Ligand code: SAH
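In the working numbering, the protein residues as written are 773 to 1027.
As structure tokens, this is what we get:
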């Protein structure tokens, strides 16, 4: 049987599922802070863009750990609404602003940002393409920090190879991705692998109750059922093959 790919599901259905979750991809506050520790000191008036921000879990961590003004961008308006409401609850609305837009057609000026952040989202436009395009919007000596699905080994079992090549056709090893970052005109400053808990505790475990609730709400909807089956398979495959892949943070400085 042909497996269904995640991008073949209805965009609004995926977002309806995920906007109820605190995070829409693997990650954690601790790892966001760790990545931030590799960035040289940012001026008080620094500007940060958070691309593919979702409902803004990492946006709030950035806001609480810098004095910067942050523009968070996502294609899905429902996530941006939530992000702006959260910023308001934290009293951060003067420094954190969510906007709807696409990360491959940014509504920004050249050289506007000191730092471009993106967790679990760059694969939507491609690692190489994203790094090259986003560089235009960074100041000279500006930073980029992204998480991206990466292979840990040169080779892996066919089952997991096929799954990831379907989802992220240009998925590569950590070494290759660092090379890509360097070729795109950044000094690679650091890269580190997200711990397993970023997948299990932050991503898969909280999905379980939501999956049951979602299936109930969409009883008889084949697309919703296939989508949940896909997410369950993603979690199963992770447990089986986690020594072969993961999310890696890549941090670079524009030359
Ligand atoms: N950074 C968040 C969300 C990651 S999920 C977190 O780690 O929790 C990926 C996000 O990218 C989703 O919110 C999705 O709506 C968004 N996205 C997908 N394609 C996009 C595009 N072309 N431009 C902007 N956002 C996009």
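Backbone N, C-alpha and C fix where the C-beta goes; we use that ideal spot for every residue, glycine too.
Please read all numbers here as calculations on a predicted model, not as lab measurements.
Range of the contiguous alpha helix (DSSP H) that encloses residue i
i	result
residue 845	Unbroken run through residue 845 is the beta strand (DSSP E), 841-846; no alpha helix (DSSP H).
residue 864	Unbroken run through residue 864: none, as it is neither H nor E.
residue 932	930-939
residue 946	946-955
Three-state secondary structure assigned by DSSP to residue i
i	result
residue 803	helix
residue 1019	strand
residue 1000	helix
residue 849	helix
residue 818	coil
residue 906	helix
residue 876	coil
residue 782	coil
residue 925	coil
residue 893	coil
residue 1014	coil
residue 869	strand
residue 1066	Look at the range of the chain in this structure, 773 to 1027, and you will see that residue 1066 is not part of it.
residue 790	helix
Distance between residue j and residue i (C-alpha atoms, nearest Å)
i	j	result
residue 850	residue 787	8 Å
residue 928	residue 824	29 Å
residue 773	residue 866	Because the pLDDT of residue 773 is 43, which lies under 50, any placement of that residue in the model is unreliable, and the number read from its coordinates should be weighed accordingly. Residue 773 and residue 866: Cα-Cα distance of roughly 51 Å.
residue 796	residue 936	18 Å
residue 856	residue 833	14 Å
residue 889	residue 997	33 Å
residue 978	residue 995	21 Å
residue 992	residue 986	11 Å
residue 899	residue 793	25 Å
residue 904	residue 956	5 Å
residue 805	residue 964	12 Å
residue 999	residue 813	42 Å
residue 818	residue 839	7 Å
residue 948	residue 1018	15 Å
residue 791	residue 918	21 Å
residue 897	residue 945	18 Å
Endpoints, beta strand (DSSP E) assigned at residue i
i	result
residue 833	Counting along the chain, residue 833 falls outside any beta strand (DSSP E), though it belongs to the alpha helix (DSSP H) covering 829-837.
residue 973	Residue 973 -> no beta strand (DSSP E), and no H or E assigned at all.
residue 965	958-965
Residue(s) in a DSSP beta bridge with residue i
i	result
residue 713	Since the first residue shown for the chain is 773 and the last is 1027, residue 713 is missing from the structure and cannot be characterised.
residue 1024	916, 960
residue 901	In the DSSP output, where bridge partners are listed per residue, residue 901 has none listed.
residue 823	845
- Cβ contact (3+ pairs, closer than 8 Å) linking the segment 879-890 and the segment 904-919: Touching, per the Cβ criterion.
- Query: Is the number of C-beta pairs between the segment 957-975 and the segment 1012-1025 that are closer than 8 Å three or more?
  - Reply: Yes: at least three Cβ pairs fall under 8 Å.
- Spell out a yes or no on whether the segment 920-934 and the segment 1007-1017 are touching, meaning 3 or more CB-CB pairs, one atom from each, closer than 8 Å. In short, these stretches touch, since the Cβ pair count reaches three.
- Message: For the structure I just gave you, are there three or more beta carbon pairs, one from the segment 964-984 and one from the segment 791-810, closer than 8 Å?
- Response: Touching, yes, given that three or more Cβ pairs across the two stretches are closer than 8 Å.
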